[in-house]
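Report on the structure given below.
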Amino acid sequence: MKAYDLHCHTWYSPCSNLNPKLALKLAKKRGLNGIAITDHNEIKAAYQISKLNKDKDFEVVIASELSVNGGHLTALYINEVPKKLDFFSVVDSVRSQGGLLILAHPYDLTRRHFNKEFIFKNKKYFDGIEVFNSREIFHIFNKKAENSRKELNFAAVGGSDSHFSFEVGRTKTFFEDNLYKSIKNKQTFVSGTNLYGLPGHFFTRIHKLLNKF
Ligand SMILES: [Zn+2]
Ligand SMILES: [Zn+2]
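Note that our numbering has the sequence shown beginning at 1183, numbered continuously upward.
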């Protein structure tokens, strides 16, 4: 059984100060077999970390969290950030790159999110849904995502949404053998904690104030 954290930011995201090198070190230290680097509309750190990683038994998934219309989507296994960030351009781009499109924190009322009607109407375009995101302070948001996963028969995906060192690896997505195939075949499961979510949001707020973002 392998465990990946599929939602991690670095200092290439304006809301994070995490050194990409440290993200890789912590991921290994916390027992992960892989990590998806999902900076906002950015892919540089993912490539950097991928190059830094010399461990054949550890996978760095090139990814990005895309700000698309009303919500956030993580695109896994992409080579470049889609040029246009409207929903259908993103779907076309990610598909043509052979990537996977995941709904990130889909029902979080405190952050950008799609509405349920949109998700259900466009269900054929999604490969998975985040059923646990460690930055969900209220369990109800993760619970709602899990309910939709069941209704829509999506693959379960989870990630820490880490922006600071103490958050890395706090949610894990488990699977056998190969992540891409496991998501396609809906053979993943997720376990995590949101204990670090509130301090994480607080640190992001301070970081943005200090850096005037
Ligand atoms: Zn987000
Ligand atoms: Zn995020």
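Just so it is clear, CB atoms sit at the ideal spot from N, CA and C, and this is done for glycine as well. Nothing here was measured: the structure is a model prediction, and the numbers come from that model.
Within 10 angstroms of its Cβ, does residue i collect 16 or more other Cβ (buried), or is it exposed?
i	result
K1184	buried
I1301	buried
G1280	exposed
G1252	exposed
D1221	buried
D1359	exposed
T1292	exposed
H1321	exposed
E1299	exposed
Look up residue i in the DSSP assignment and give the residues it is bridged to.
i	result
G1341	N1315
H1222	E1247
E1241	G1216
C1190	I1219, S1344
S1373	K1354
A1327	According to DSSP, A1327 bridges with nothing at all.
Rounding to the nearest angstrom, what Cα-Cα distance links residue i and residue j in this structure?
i	j	result
S1249	K1265	12 angstroms
V1242	S1330	28 angstroms
S1275	R1317	28 angstroms
Y1378	D1309	27 angstroms
K1368	A1337	4 angstroms
F1348	N1393	20 angstroms
K1236	K1366	27 angstroms
L1334	Q1230	35 angstroms
E1262	A1227	12 angstroms
F1269	A1205	29 angstroms
S1364	L1282	11 angstroms
S1271	K1305	16 angstroms
Within a Cβ cutoff of 7 angstroms, which residues of the same chain sit near residue i, ignoring the five residues on either side of it in sequence?
i	result
Y1289	H1295, F1323, K1326, A1327
Output needed for residue i: all residues of its chain with C-beta closer than 8 angstroms, excluding positions within five of it in sequence on either side, in chain order.
i	result
K1354	A1185, Y1186, D1187, L1214, G1340, V1372, S1373, G1374
C1197	H1191, H1222, H1345, T1386, H1389, K1390, F1395
Between residue i and the rest of its own chain, which residues show a CB-CB distance below 6 angstroms, the 5 nearest in sequence each way excluded?
i	result
A1218	L1188, V1243, A1245, L1258
F1356	M1183, A1185, F1371
What residues come near ligand 1, if near means a beta carbon less than 7 angstroms from any of its heavy atoms? Spelled out in chain order, the answer is E1247, H1254, A1286, H1287, R1293, R1294, D1343.
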